[in-house]
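Residue numbers (the UniProt record's numbering): 1 to 326.
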């Protein structure tokens, strides 16, 4: 279905937000702002929990929730906001309620760590899904039957949709409105929230600068440190192997064991990462950044930047530059 061909959502559409213990306040607030009852919009919003009453949330807050899991029995869309800690298994009644809702055709949506609840209920098995980048590896490890994509803002698998970290829940909720009611309504809601109707790129661009090249064991740490200081040189795997006093074959095997990626991919990741820092902290032209990062030309930088982060260097600089503009 094209986003320009909204579904026929003319009648009342119940949206239930399931608040879990340790709920993250922004994750809860996003669907409450997007699916709020307003003229011309058929959403009927309710908040529920496993047990009605006070639900302790994160940041010292709590929610006074009037409805229990029975709300999931009639909801057309169920949103599970993130909660902390994410690896806490959900209770059997919550799992059963989520499975029953899915089996009768309800649409299930998770924000941030809420994907762990859907995975616990078996609803992400064999599906592509995402969560906050800092828990993506954990989700993949604890639920190997889930195809975890750590770089996107959200994933639409039809009846089950998952979003990346925190604010990406807004991207997903606006996307759902666009599917249900068309772009005009989604744009109107985005304007009310002073938000972009659509963000370019994925969540990879929001991962902390420096995360890609730092992982690894100790044996080859000196070689990696040396390589990071020579990214503008014509680095080769053989040069790194010679510095480690190993055969190329042994070096490549050890390098993968320590970092999880072969040397040439690690170098490329480090170069893109250096380019990110230069885009954030300097006013250097794109071609000079490409040269300093060892990526050669501006065109080559744009190619690898788009592949790694899903956005252009220019857009990245506009978003993350240390120079504040109004």
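Glycine is no exception: its CB is placed at the ideal position from the N, C-alpha and C atoms.
- Taking C-beta atoms under 8 Å as the contact rule, residue 167 and residue 154 fail to qualify, at a distance of about 11 Å.
- Within 10 angstroms of the beta-carbon of residue 224 lie 16 or more other beta-carbons, which makes it buried.
- Ranked by how close their Cα comes to the Cα of residue 185, the residues 146, 36, 273, 138 have 36 in first place.
- Under the three-state reduction of DSSP, residue 247 is assigned to coil, being neither helix nor strand.
- According to DSSP, residue pairing for residue 154 in a beta bridge involves 163.
- When the Cα atoms are used, residue 277 and residue 301 turn out to be separated by approximately 13 Å.
- Less than 8 Å divides the Cβ of residue 270 from the Cβ of residue 231.
- With fewer than 16 other beta carbons inside 10 angstroms of its own, residue 236 counts as exposed.
- Burial is judged here by how many other beta carbons sit within 10 angstroms of a residue's own beta carbon; residue 293 has at least 16 and is buried.
- Approximately 17 Å separates the beta-carbon atoms of residue 178 and residue 157; this is outside 8 Å, ruling out the contact.
- The C-beta distance from residue 62 to residue 16 rounds to 19 Å, too long to fall under 8 Å, and the pair is not in contact.
- Here residue 93 is exposed. Its C-beta has fewer than 16 other C-beta atoms within 10 Å.
- At the C-beta level, residue 163 and residue 78 stay beyond 8 Å of one another.
- When rounded, the separation of the alpha-carbon atoms in residue 188 and residue 43 is 15 Å.
- Around the CB of residue 135, 16 or more other CB atoms lie within 10 Å, so the residue is classed as buried.
- Shown here for residue 86: same chain residues with a beta carbon closer than 6 Å to its own, the five before and five after excluded, namely 113, 116, 135 in chain order.
- Taking a C-beta distance under 8 Å as the contact criterion, residue 27 and residue 82 qualify as a contact pair.
- Here residue 56 is bridged, per DSSP, to 62.
- The C-beta of residue 51 has fewer than 16 other C-beta atoms within 10 Å across all chains shown, which makes the residue exposed.
- Within the region 181 to 206, the runs of alpha helix (DSSP H) at least 4 residues long that lie entirely inside it are, in chain order, 183 to 192.
- With contacts defined by Cβ atoms closer than 8 Å, residue 287 and residue 298 form a contacting pair.
- Within the UniProt domain "HTH araC/xylS-type" (221 to 319), the alpha helix (DSSP H) runs of at least 4 residues that lie entirely inside it are, in chain order, 221 to 228, 237 to 243, 248 to 259, 263 to 281, 286 to 292, 298 to 309.
- Around the C-beta of residue 11, fewer than 16 other C-beta atoms lie within 10 Å, and the residue is accordingly described as exposed.
- Cα atoms of residue 107 and residue 72: separation of roughly 11 Å, rounded to the nearest angstrom.
- The beta carbon of residue 118 sits closer than 8 Å to those of 80, 98, 108, 110, 124, 129, 160, 162, all from its chain and outside the five residues before and after it, given in chain order.
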